[in-house]
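**Q**
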Amino acid sequence: MATAENGSSEPKFRWIGTRPVRPDGVDKVRGRANYGADHALPGMLWGKVLRSPYAHARIVSIDTSGALAMEGVHAVVTAEDLPEIAPEESKIGEGPTNYRDLSRNVMARDKVLYHGHAVAAVAASSPAVADRALAHIEVEYEVLPHVLDGDDAQSPDAPLLHDDLYTKGVEPAPERPSNVASRVEMGRGDPERGLAAADFVVERSFRTKAVHQGYIEPHAVVATCGEDGRATVWASSQGHFMIRAYCAKLLGMEQSQIKVVPAEIGGGFGGKTTVYLEPLAIVLSSKSGRPVKMVMSREEVFRATGPASATRIELRMGCTRDGRITGAHARLEYEAGAFPGSPVGAAVMTLFAPYDIDARAEGYDIVVNKPKVAAYRAPGAPMAAFAVESVVDELAAKCGIDPIEFRLNNASKEGVQSTFGPKFKRIGNVETLEAARAHPHWKAPLAPNQGRGVASGFWFNGGMQSSATVQVADDGTVCVVSGNPDIGGSRASLAMMAAEEFGIDIERVDPQIADTSSVGYNDLTGGSRVTFATGMAVVEACRDAVRQLRERAAAIWGVEIDGVEWADGEARPTKGGGELEPLTLRDIALKAARTGGPITGRASLTARGVGMAFGVHICDVEVDPETGKVDVVRYTAVQDAGRAIHPSYVEGQMQGGVAQGVGWALNEEYLYDDDGRMENPGFLDYRVPVASDLPMIDTVIVEVPNPGHPYGVRGVGEVPIVPPIPAVANAVASATGIRMTELPLSPPRVLAAIDESRG
Amino acid sequence: MARRHVSTTINGEAVDFLCEPHQTLLDALRDELQLTGTKEGCGTGDCGACSVVFDGRLCCSCLILAPEAEGAEVETVEGIATGGELHPLQRHFLEEAALQCGICTPGFLVAAKALLDSNPDPSETEVRFALAGNLCRCTGYDKIIRAVLDSAAELRGEA
Amino acid sequence: MNGLGYEAPQSVEETVALLARENGAARILAGGTDLLAQMKTGAAAPQLLVDVKKVRELSSVEEDEAGFAIGAAVCTAALAEHPGLCAAWPGVVEAARLIGSEQIQGRASLGGNLCNGSPAADSVPALVAAGASCLIAGPGGERELPVEEVIVGPGSTCLEPDELLVSFRLGSGKAKRGDAYLRMIPRSEMDIAIVGAGVCIELDDFGVCHAARIGLGAVAPTPLRVDAAADALVGSRVDDAALEAVAAAASAAADPIDDKRGSAEYRRKVAGVLTRRAAKIALDRARGEQ
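Protein chains in written order, with the numbering used here: chain A, 17 to 775; chain B, 433 to 591; chain C, 22 to 311.
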């Protein structure tokens, strides 16, 4: 079998590492692929959500009678129609989620906590009627003072979002509630002693703004719920099993009453790892007796769905004159939005990962009157990397050491004790740094007003639960059924691994993504886990099927299974097994009915052996000293992918992460007015990068195979958004001599910094 | 409210539909004609997912009222392939992995085709600016730009 | 949007009559790129849309000895396809071509850009610098106004509810004249100007500037014509000293606000920078060097 065993020898593959066309591709270039909003059912109603016009207010009363009296209005839902949910931590989402909070985020109960918070929903005969109906719902609010900023929220006289929120993780437990939901601390060694012994210490405070994942497809759902209480939901998400579980929990249903059919997903980046509309659509359908479709507007996506945290990070780091980091300490404050649950824990864990240093970090999760944050690609890590990699850059400069050499001098590697607990297994941190140093970009000349920055990034990657089924048809073709929405080409990588396992042409593999009732449970498409973990399930299911194929061949030949080996899509007698003519997959499949019935391989597993991953990015910018405009003129991303199953999609993940990171660095930010309303809830003023903002993005895939995966795969999707912010900031520092510590590095900010430095 | 009758031509075929006057061409394509290949990403002309060619010009169908389609010629992503054959742009997008989630792909294909129809030999910079009205959040644009440049070369007979 | 009406009249008279009948409840629909987006977000809620793209005078570019008549509803992509206009007024065309994406330019028009009333409208400073005027039709006949007099405040124009902007008049092509427009946006495309600067320069046979006009956008409640900046060029050879003077005059004339797109201080500084840079391009064009 052509598989890599623990990556020890250089294996020969037929499919792994090649670039076939993705199996779902034709439908996507023909406009036939069905995304969330593309589904329609006969008799369907249109649902819309009424949202809070205040950032913080008590709901005194809601009168829906005016809307219900309108022609064409079939149902109205408020929190009264949803069960009151007791506090309980969810185990299945990405990042911490409490079901009580989730319920109150889906529909406000008693209080609205941010501008855009859902307060009611209607189902009507058309979108226009639904819109008009919203205007006929009368909500009386008692407006409360609001707090938008994490600093202000910690002040003793700040308005409290939740009067039952007591900071977790502090001793002794606080006696008064506050907006600080929790404190976490983690570290290694005695950094204070190291800092005291340092020749150079840099101390900086960094700030980043809330940013949105910015997926192009707004949230969309169609739901039907019959009189028998059974619901079917069509939705685009990062996990239809998550939708099933969350809807069941929030609506007091059994999971067996809900079937969720995954639509194609038009981008998520972590932002579609929770529910917003789905429970409402089910209730509206239940009340109206009709299918209900709900699609968010872009404005709703910005106002009410998952931004990433705004942050403040204070960092001290010291090193010796010869470039050895002696210690570091960080304090991280992450805004969670209206309910606890920022990714500050992940930030505290990741921020020092590239370095073999004594370091300690404490993190604070702070609620404010803004939408509840959602996961965004390597949640929490990019902001933390901005701080650490900027300071590392400064220390390297103080030592007069090349910044890549400086990083290599301090690089974590296999066996090193991480600051977050475990010792690193086989990792490619050093290899990515060496590949960056060897890249021609690193030594290329720069033009006037240009500068170059480098930065490292790290992400754990996820394992979690996956299931797959492999069905062999009697013509010898194979259907691979799994349950993770394909957000960026995972059907291709799963099909390639299956083709490799069976030793057949990829055209004979049909990868399908099944609904919640048609395949075993799968955790979210998130944590860069699909090619790794679901890939592992597919490989195991294929091996299960191949074992059955060998059994059938053995039975046909009248030999023991040990007398049959599988190679190149056929069963062959093992050496010394005589002159038997090989049996192809098709030969065996044709005889399946007579040799024991259909051949179906299965696997359900919790994936262990996750391969942590590192990336190093090199960025050149040109700064207009008169306008402060920063243009990225060259970019190279280096990353350890373990092994690239489909290199084009690995490169694509790297390039996409870079683009998002560059947008975050330069221009993306949530802007609020004094009343707590987002001022830029559209793609015109929330500035994601456009094609003319970016150069080609060179990629270098380093392959340090992950011994924990049959093909050596490491997750690739999240690492590449970690280095860009500091890579850009370090490049701006190189071009201007100015260390920018607040995002975004927008033209007005950069020009102000330039002018200030000139005095 | 009286629905309005509109006679138009979509991808070369005469089509009639009824719409409400406030509906956009995008709404009509998707909800009245079930041509859901044209996507809505913003509804305000800022993302290009709803790109169509309207009377020979590239436009956002979310910024055209459905009644304006009376007598017009509309080309959508569904009309790019001819018969059973993909357009070179569609083929290059697939071969070069120029899509990840694919939601922006129809808009990019319509816009790229409009570009190459008027400028068969664009530079990389020209492609980037011509496609600046189409947002992609997945790819970082790199593979899209390459696919368009390679399609142009093929259409010029150079590949 | 209930009961929204839609009419597509064929003539100026018919259009004006419709506007008069509706008495302010109608909105003119040209490209719709601002109006439909405003309707989407609820910022506009007209009862009747009057589509003017079927009116001949509004949908064509005419050229004669006196110059150009640009229909108010001609899409900006079409302007770039008019060789005469591109040769005579490259700055106006490049400003028009900065309004949004290719998709937007398939619809957006100079008339819409002006009548939307935004202080940041890209085409307006360039039209001001070019000395363009507007032909406006109403129940009482036609009137002609300089472009800089049309916008009277953010989102508002001097047009009466029953008046229709028919076309823009621009002079004919001329040797030793150059115009240019530059704007500052945070991205490279798809943005609203934080500052826009349009400059038109005419040189005499000795290379001395004998006439200049300068328009600024996004630095005041309305687009500005800045004669003080133009005066800094007239009589000079548009040398470095004159360019510094024009920058200083442009910054001094700017009266911007802080908003989500930029601070007043930033706008004031960059107004000078862009005016200087646009003047240099206009100069090169006047000298026939570009």
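Idealized CB from N, CA, C, for every residue including glycine.
Just the chain C side, please: which residues come within less than 8 Å of Ser221/A by C-beta, in chain order?
**A** Within chain C, no residue comes near Ser221/A; the closest Cβ sits about 22 Å away, beyond 8 Å.
**Q** Contact criterion: CB-CB distance below 8 Å. Does Arg563/A meet it with respect to chain B?
**A** No, because no Cβ of chain B sits closer than 8 Å to the Cβ of Arg563/A.
**Q** Name the DSSP bridge partner or partners of Leu331/A?
**A** Bridge partners of Leu331/A: Arg220/A, Ala346/A.
**Q** Is Ala46/C buried or exposed, if buried means 16 or more other CB atoms sit within 10 Å of its CB?
**A** It counts as exposed.
**Q** Counting only beta-carbon atoms, is Ala529/B nearer than 8 Å to chain C?
**A** Taking Cβ atoms only, chain C never reaches closer than 8 Å to Ala529/B, which makes this a no.
**Q** Threshold first: 4 residues or longer. Then list the alpha helix (DSSP H) segments lying entirely within the segment 269 to 336 of chain A, N to C.
**A** For the segment 269 to 336 of chain A, whole alpha helix (DSSP H) runs of length 4 or above, ordered along the chain, are 294 to 304, 314 to 320.
**Q** My assumption, with CB atoms under 8 Å, is that Cys495/A sits in contact with Cys415/A. Please give the rounded CB distance.
**A** With 8 Å as the limit, Cys495/A and Cys415/A do not qualify as a contact, their Cβ atoms being about 58 Å apart.
**Q** According to DSSP, is His256/A part of a helix, a strand, or is it coil?
**A** In the structure shown, His256/A sits in a helix (DSSP, three-state: H, G or I).
**Q** Would you say Gly212/C faces chain A, with C-beta separation under 8 Å as the test?
**A** Going by the sequence as given, residue 212/C is Asp instead of Gly. Yes, Asp212/C lies at the interface with chain A (some Cβ there is under 8 Å from its Cβ).
**Q** Hey, does Pro207/C have any beta-carbon neighbour from chain A nearer than 8 Å?
**A** It does: the Cβ of Pro207/C has a partner Cβ on chain A nearer than 8 Å.
**Q** Can you determine whether any heavy atom of the ligand PLP sits closer than 7 Å to the C-beta of Asp582/B, and answer yes or no?
**A** In the structure shown, the ligand PLP is absent, as is every other ligand, since no ligand is present at all.
**Q** By alpha-carbon positions, which one of Ala83/A, Ile108/A, Val678/A, Pro172/A ends up nearest to Ala139/A?
**A** Nearest C-alpha to Ala139/A: Ala83/A.
**Q** Against chain A, which members of the segment 54 to 74 of chain C pass a CB distance test of less than 7 Å?
**A** Of all residues in the segment 54 to 74 of chain C, Thr62 have a Cβ within less than 7 Å of some Cβ in chain A.
**Q** Can the beta-carbon of Ala390/A be found less than 8 Å from the beta-carbon of Val738/A?
**A** No, the pair does not count as a contact, with Cβ atoms beyond the cut-off.
**Q** If you compare alpha carbons, which of Gly283/C, Cys136/C, Leu224/C, Met60/C is closest to Pro763/A?
**A** Cα-wise, what sits closest to Pro763/A is Gly283/C.
**Q** Does the contact criterion of 3 or more C-beta pairs under 8 Å hold for the segment 690 to 706 of chain A versus the segment 515 to 522 of chain A?
**A** Result no; under three Cβ-Cβ pairs closer than 8 Å.
**Q** Is the CB of Val291/C under 8 Å away from at least one CB in chain A?
**A** For Val291/C, the answer is yes, since a Cβ of chain A falls inside 8 Å of its Cβ.
**Q** I'd like to know whether the C-beta of Cys107/C is nearer than 8 Å to at least one C-beta of chain B.
**A** Judged by the 8 Å Cβ criterion, Cys107/C is not in contact with chain B.
**Q** According to a CB-to-CB cut-off of less than 8 Å, which residues of the segment 483 to 494 of chain B neighbour chain C?
**A** Answer set for the segment 483 to 494 of chain B: Ser483, Phe486, Arg489, Leu490, Cys491, Cys492, Cys494.
**Q** State the Cα-Cα distance for the pair Met694/A and Leu687/A, rounded to the nearest angstrom.
**A** Spanning the two alpha carbons is a distance of roughly 6 Å.
**Q** Using DSSP bridges, identify the partner residues of Val485/B.
**A** Paired residue(s): Leu490/B, Glu507/B.
**Q** Around the Cβ of Leu450/B, are there at least 16 other Cβ atoms within 10 angstroms (buried) or fewer (exposed)?
**A** Leu450/B should be labelled exposed.
**Q** For Met22/C, which residues from the same chain have a beta carbon less than 8 Å from its beta carbon, with the 5 sequence-adjacent residues on both sides left out?
**A** Low local confidence applies: a pLDDT of 42 at Met22/C is under 50, so the model's placement there is unreliable, with the coordinate-based value given in what follows. Within the same chain, Met22/C has close Cβ partners Met60, Ala66.
**Q** To the nearest angstrom, how far is it from the Cα of Val626/A to the Cα of Arg442/A?
**A** Taking the straight line joining both Cα atoms gives about 11 Å.
**Q** Hey, quick one: how far does the alpha helix (DSSP H) through Arg16/A stretch, first residue to last?
**A** Past the boundaries of the shown model lies residue 16/A; chain A is included only from 17 to 775, so the question cannot be answered.
**Q** Using alpha carbons as the reference points, say which of Val408/A, Gly357/A, Asp490/A lies closest to Ala609/A.
**A** The shortest Cα separation from Ala609/A among Val408/A, Gly357/A, Asp490/A belongs to Asp490/A.
**Q** So with Cβ pairs under 8 Å, would you call Arg442/A a contact of chain C?
**A** No, Arg442/A lies away from the interface with chain C (no Cβ there is under 8 Å from its Cβ).
**Q** Tell me which same chain residues have a C-beta within less than 6 Å of the C-beta of Tyr27/C, skipping the five on either side of it?
**A** The residues are Leu70.
**Q** Any beta carbon of chain A sitting closer than 8 Å to that of Cys570/B?
**A** Yes, Cys570/B counts as interfacial toward chain A.
**Q** State yes or no: is the beta carbon of His454/B nearer than 8 Å to at least one beta carbon in chain C?
**A** Cβ-Cβ to chain C under 8 Å: yes for His454/B.
**Q** If you follow the beta strand (DSSP E) that His725/A is part of, which residue opens it and which one closes it?
**A** His725/A -> no beta strand (DSSP E), and no H or E assigned at all.
**Q** Which same chain residues, not among the five before or five after Asp97/A, have their C-beta less than 6 Å away from its C-beta?
**A** Excluding residues within five positions, the ones whose Cβ falls inside 6 Å are Val299.
**Q** Does Ala98/C get closer than 8 Å to chain B when you measure Cβ to Cβ?
**A** By this cut-off, Ala98/C is an interface position.
**Q** Which residue spans inside the segment 67 to 140 of chain A form an unbroken alpha helix (DSSP H) run of at least 4?
**A** As far as the segment 67 to 140 of chain A is concerned, its whole alpha helix (DSSP H) runs of at least 4 residues are 81 to 84, 115 to 122.
**Q** Taking buried to mean at least 16 other C-beta atoms within 10 Å of its own C-beta, is Gly574/A buried or exposed?
**A** That one is exposed.
**Q** Between the segment 273 to 284 of chain C and chain A, which residues of the former have a C-beta closer than 8 Å to a C-beta of the latter?
**A** So the close ones are Lys281, Arg282, Gly283, Ser284.
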